Amino acid sequence: MNEKKPSSGGPQDFSVLVRECADYDPQKIKAIVAEGMAALGYEPKGKVALKPNVVCAFDPRLIAQRAFTHLDVVEGTLRAAAERPEVSRLSVTETSAVGNPSRFSFRWSGYTERISRLKPQLTKPLDLVGMDEDRRVSCWVGGSVHHQVRLSRAFAEADTRIYLPKLKCHCVCKMTGTVKLNIGILNFDERSIHHDYLLDEKMVDLLSVGWPDFVVMDAITIGVGNEGVPIPRQLGLILMGRNAVAVDLAAARLLGLKGETEVPYLAAAIRRGFRPARLEEVTLLGDARTVADLDRFSKRIQPFDEEFYRWQDVNTDLKRLGSPLRLYQGPYSDGSEAKCEYGCIMGLKMYLGFMESYAGAEAFSRGRPGAFVIGKVKEPVDAKGGNAYLIGSCSRARVENARKVIKIDKCFTTAADMFLVFGNRTGIHSPFFDPVFLRQYVPALLAGSLKKLCNGRYLDDAGDFITQQLMRKL
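In this note's numbering, the protein residues as written are 225 to 698.
So this is what it looks like as structure tokens:
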């Protein structure tokens, strides 16, 4: 590793401070974050936007709660930032997964209650902002996928940004950390654009408008398996840094990965000139000062077994559950043999992971036969008397012995799309049709829509359509 030296601060500082933290305690975490800010030369000023990972959260009676940045990490960071004299305002901002209103995820993750409790305790104004409901401003990107994007005002107009990623395995990206957190700065419309074989390039594009000034990574309890319904393992660490790529390279090593080659979006960022280009360029500080130290900590979450890679290969897990369902996947284009490993396949892995968490493993073995098809499958697909589910606009197959062929003609197809269209047809009960879920979800959806109607968000969207797209449609 590099010779250890005091941090110079800023994005060109490749220092990553690793601190042991055995459990969640907001006061302890506040002290760790305050130490990290001082050691890494970060002084928040003005309006501060904090961006955690709240990809989804549900009533624990339906699906276990493990997918989001822990509340105590958020509180500890808020308390540390609020004590900085030049901070004027704090906002916790997030967009949940497509189809999941942020206000719904905030409620069931506990964010709504915790932020409400913290407001009178902090010396600075504090807001909880669902980016899917906030008014947006256009930001130039000039990237490979996005020319420009529209971002929440609370995020785009912040003077400084603190990212609070949750370290987890990911079903298609290998890991989710700091860089991938940028998917959550987009609203559902732009989030869906090329969430496919161009996903890595999309994420790198977003670094131009979503580069964090400071990172506090929640690696106290990490998630293995599928990122939507992760299985917890205790790592007991907090990682901090000023460079998103540097923090992710160190985090990847903790998951047993060589980030610069085995995490696709990090490899893409490095190809496009982001640095550091390898872990050896990172200056490790604190409780891990060498790669060997990272490897020692990594043993806490081993073995890298079947559970570690749960729902990262669909047919492997369908066989594990004794399910008569099977996946058939082919290339997305007639001009290539390449398969899209980022779009509909990710939605299917999330869908099946949620179904197992909700209905239980036994429900899969009792389910109906059927075939999932993604891409252009050349060989005959035997549905064995069940339904054939063609997922995505590019899906094509010669289906045999099918009770019914059901196609979702979207690119990409989300887990929410599959819940709505497939319903209970697989013989496995869907949480989306549980009365408990519907009584909670529908009011949240309507409340979010009403807020956008009242705050001018819908007018902004209509204005953007008229000025940017209407002439192309006429």
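Using N, Cα and C, we set each Cβ at its ideal position, and we do this for glycine too.
Keep in mind it's a predicted model, so treat the numbers as computed, not measured.
For residue i, which three-state DSSP category applies?
i	result
I417	coil
D429	helix
F238	coil
Q251	helix
T691	helix
V365	coil
P684	Note on residue identity: the sequence assigns Asp, not Pro, to residue 684. DSSP places D684 in helix when its eight states are reduced to three.
D517	helix
M355	coil
A382	coil
E504	helix
A273	strand
R627	coil
R496	coil
V396	coil
E244	strand
Should residue i go down as buried or exposed, given a rule of 16 or more other Cβ atoms within 10 Å for buried?
i	result
Q236	exposed
Q526	exposed
R285	exposed
I690	exposed
F657	exposed
A304	buried
C678	exposed
A273	buried
K697	exposed
P436	buried
T637	buried
G559	exposed
G465	buried
E624	exposed
M695	exposed
T650	buried
So, for residue i: in the same chain, excluding its five sequence neighbours on each side, which residues have a beta-carbon less than 6 Å away from its beta-carbon?
i	result
I652	M579, A583, A587 and G591
I462	R243, C245 and I256
G367	D429
Q692	none
L549	L542 and G594
F643	S654 and F656
Since residue i contacts residue j with CB under 8 Å, what's their CB separation in whole angstroms?
i	j	result
A512	L490	Not a contact, Cβ separation roughly 19 Å.
V316	K269	Actually they are not in contact, since the Cβ atoms of V316 and K269 sit about 18 Å apart, beyond 8 Å.
T293	P389	7 Å
V439	Y566	Wrong, their Cβ atoms sit about 24 Å apart, outside the cutoff.
L479	F521	Actually they do not touch by this definition, with Cβ atoms about 11 Å apart.
L391	D356	Incorrect: roughly 24 Å between the Cβ atoms, too far for contact.
P250	G323	Going by Cβ atoms, the distance from P250 to G323 rounds to 31 Å, so no, they are not a contact pair.
I446	R457	6 Å
L375	R360	6 Å
Near residue i, which residues of its chain fall below 7 Å by C-beta distance, leaving aside the five closest residues on each side in sequence?
i	result
S329	V278, C280, A281 and S320
M427	V403, K404, N406, I407 and Y489
D420	C564, Y566, G567, C635 and F636
Considering only residues of the same chain and omitting the five flanking positions on each side of residue i, which have a CB-CB separation below 8 Å?
i	result
V365	H371, Q372, V373, D429, L430, S432 and V433
R534	V448, G449, N450, I455, D541 and G577
E486	K398 and A476
E484	L473, L490, A491, I494, A501, R502 and L503
Residue ranges of each alpha helix (DSSP H) within the segment 641-682, 4 or longer: Entirely contained in the segment 641-682, the alpha helix (DSSP H) runs reaching 4 residues are, in chain order, 659-679.
In chain order, which alpha helix (DSSP H) runs of at least 4 residues are fully inside the segment 286-340? Counting only runs of 4 or more, we get 295-306 and 326-333.
Scan the segment 533-617 and note each continuous alpha helix (DSSP H) run of 4 residues or more that stays entirely inside, going in chain order. You should have 538-544, 568-583 and 585-589.
Along the chain, which unbroken stretches of the alpha helix (DSSP H) at least 4 residues long are found entirely within the segment 424-490? When DSSP assignments are scanned along the segment 424-490, the uninterrupted stretches of alpha helix (DSSP H) that are 4 or more residues long and fall wholly within it turn out to be 468-478 and 483-486.
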